[in-house]
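Mapped onto mature numbering (1 follows the signal peptide of the UniProt record, and there is no 0), the consecutive letters of the sequence shown carry residue numbers -22 to -1, 1 to 427.
We put the CB at the ideal spot given by N, CA and C, even for glycine.
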Amino acid sequence: MRKHTRAALLCVAAALTLTACAAGKGGGGATSDAAAAPGKDDKLTLTVWSNYSDREYEEVTKALKTFTKKFPNIEIKHEGSQDDDKITAGIRSGNTPDVALSFTTDNIGQFCSSGAFQALKPYIDRDKVDLDQISPAVREYTEYKGNRCAMPMLTDVYAMYYNTGMLAEAGVTAPPKTLDELFEAAKKLTKKAPNGDIERAGYLPTMGFYANRPTILAPSFGAEWEKDGKSSLASSPGFTEMMTFQKKLVDFYGFDALERFRAGLGQEYSADHAFHQGKIAIMMDGEYRTAFLKAQAPQIKFGTAPFPTWKPADYGTAFTTGTIMGIPKGAKNPGAAWELIKHLSFDTDTIVDLSNAIKNVPSTKAAMESPKLQVDEQFKTFIDLAKSDKLKGNPVTPIGDAHIKAVTDFAVSYTSGKEADLAAGLKKVDQNIDDVDQNIDDAIAKSGK
């Protein structure tokens, strides 16, 4: 756990040096003024970095190029396979894109607090942008402490997938809605060999595997990450319930048996994914899995539904995250970069076409209501959840995903039996997270930000 906190400090320390490293590079500083929009006849090239690849890269490139209908003399140069490490290194070296697309909403606190991504409020105020088109949960994960330094480009919403044939075979007449129902269904759906090896898992509880991540699961348990500026895992009944439920399932399977089973499962985004291969019957995943299943495993008959919740009144709660777009410090064309971000954020046809192409949830209310949006029975679950007032966003902190790694590591230790005292263990995780937060606050104060 401590090694994660050191890694987080190093990452944020690097981010805090961005102001000095990028000083003097065109259009760079955090400013109270919005850079002017390009003229319709201005000729320039906008460089966009993203981590997209293969088919999704091609589809996103198409979406980017719809911008040229408004600005025909602007060329878009889209460079894929650029993760957050490359984005940060580019800003520090002065080799900065005009627009950066990140898959890692966990890092929004770093991007905003360090100045790595420029503040967007001047542009939003100047252009009278209607942020109410975006759900509150999505707005929350694209800003930090009131500093909006990013906008969403589509969203991911997480829910339950279930193999309809397996449920029928096991006598499970409806997808589970409560955790007790999920536990009973998991037992009925599980198949074991005579030697105890797992042949099929009703529900795979291993924390950190596939979409079984603390952030994604937390809303189903009503778990609260923070209270009064401090980590609140130990005092949140939801985290205690989450860990208890995970351990109950791990104990049912046997930790060693689960580890042997998990070791033989395919990668998350490959055709060998365990759900594709019929090796798990129920799972948590994002809406994008509907496209993967139809392309890679058309033989699997599946349904989708909200994930079961601890409290029945919370049923219909879901976690959301997604791709974020920002103007990095040092961008050469910040005014044009904002126009591109605004286009991708609010142009309904562009959002809908991209959603249809890569099967992510649209990020605006108008796009979700568009008659052009392709919504089948399985995808409708995610659209309905995205419209719900029970949607929950990513916890935003200045320490990146260090708090998530700490919780994941503890969950593995607790469910494996290495950590016996749940309450004491959660308090230790709280203390570690608070220590890192304080170190970051001190570093930011020392930097003069």
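- Bridge pairing for V26: H56 and V77 [DSSP].
- Between Y136 and M262, the C-beta gap is smaller than 7 Å, which places the two residues in contact.
- Contact between F285 and M138 holds, since their C-beta atoms are separated by about 4 Å, short of 8 Å.
- Fewer than three pairs of CB atoms, one per stretch, sit closer than 8 Å, so the region 350 to 357 makes no contact with the region 67 to 84.
- Following the DSSP letters along the chain, one finds I302 inside the beta strand (DSSP E) bounded by residues A296 to G304.
- Taking A344 as reference, the option from A14, F324, N334 and F360 with the minimal CA-CA separation is F324.
- Bounds of any beta strand (DSSP E) do not take in V150, whose DSSP letter is neither H nor E.
- In the DSSP annotation of this structure, the continuous segment of the alpha helix (DSSP H) that includes Y392 starts and ends at A380 to S394.
- The three-state secondary structure of M131, taken from DSSP, is strand.
- Residue environment analysis places K358 among the exposed positions, since fewer than 16 neighbouring C-beta atoms fall within 10 angstroms of its C-beta.
- Looking at E121, L369, P100 and A269, the one whose alpha-carbon comes closest to that of S92 is E121.
- Spanning the alpha carbons of T326 and S348 requires a straight line of approximately 8 Å.
- By the Cβ neighbour-count rule, R238 is exposed, with fewer than 16 other Cβ atoms within 10 Å of its own.
- Between Y30 and the set K43, L79 and D63, the nearest pair of CA atoms involves L79.
- With a contact defined as Cβ atoms closer than 8 Å, K350 and V330 qualify at about 5 Å.
- For I102, the enclosing alpha helix (DSSP H) starts and ends at K99 to R104.
- Between the region 376 to 395 and the region 165 to 181, the count of Cβ pairs shorter than 8 Å is below three; the stretches do not touch.
- In this structure the region 141 to 155 touches the region 246 to 265; the number of beta carbon pairs closer than 8 Å is three or more.
- Three or more beta-carbon pairs separated by less than 8 Å link the region 192 to 212 to the region 289 to 308, which places the two stretches in contact.
- Short of 8 Å from the beta carbon of D412, and not among the five residues preceding or following it, lie these beta carbons of its own chain, in chain order: K208 and S209.
- By DSSP's assignment, R178 forms a beta bridge with K169.
- Closest in alpha carbon position to T25, among Y247, D415, M346 and K310, is K310.
- In this structure, the straight-line span from the alpha carbon of L363 to that of K55 is close to 35 Å.
- Cβ contact annotation for Q60 (same chain, cutoff 7 Å, sequence separation greater than five): W27, S28 and N29, in chain order.
- When C-beta atoms of the region 127 to 136 are compared with those of the region 245 to 256, fewer than three pairs fall below 8 Å, so the two segments do not count as touching.
- Taking the C-beta atoms as reference points, A12 is found no nearer than 7 Å to Y140.
- Judged by DSSP in its simplified three-state form, T184 adopts coil rather than helix or strand.
- Look at E237 here: in three-state DSSP terms it is helix.
- Collapsing the DSSP output to three states places N51 in coil.
- Under DSSP, the beta-bridge partners assigned to M261 are Y139.
- Contact between Q274 and A249 holds: their C-beta atoms lie close to 4 Å from each other, under 8 Å.
- A Cβ-Cβ distance of about 11 Å is found for the pair V77 and I302, leaving them out of contact under the 8 Å criterion.
- By the Cβ neighbour-count rule, S71 is exposed, with fewer than 16 other Cβ atoms within 10 Å of its own.
- With respect to G371, E57 sits apart: the two C-beta atoms are not nearer than 7 Å.
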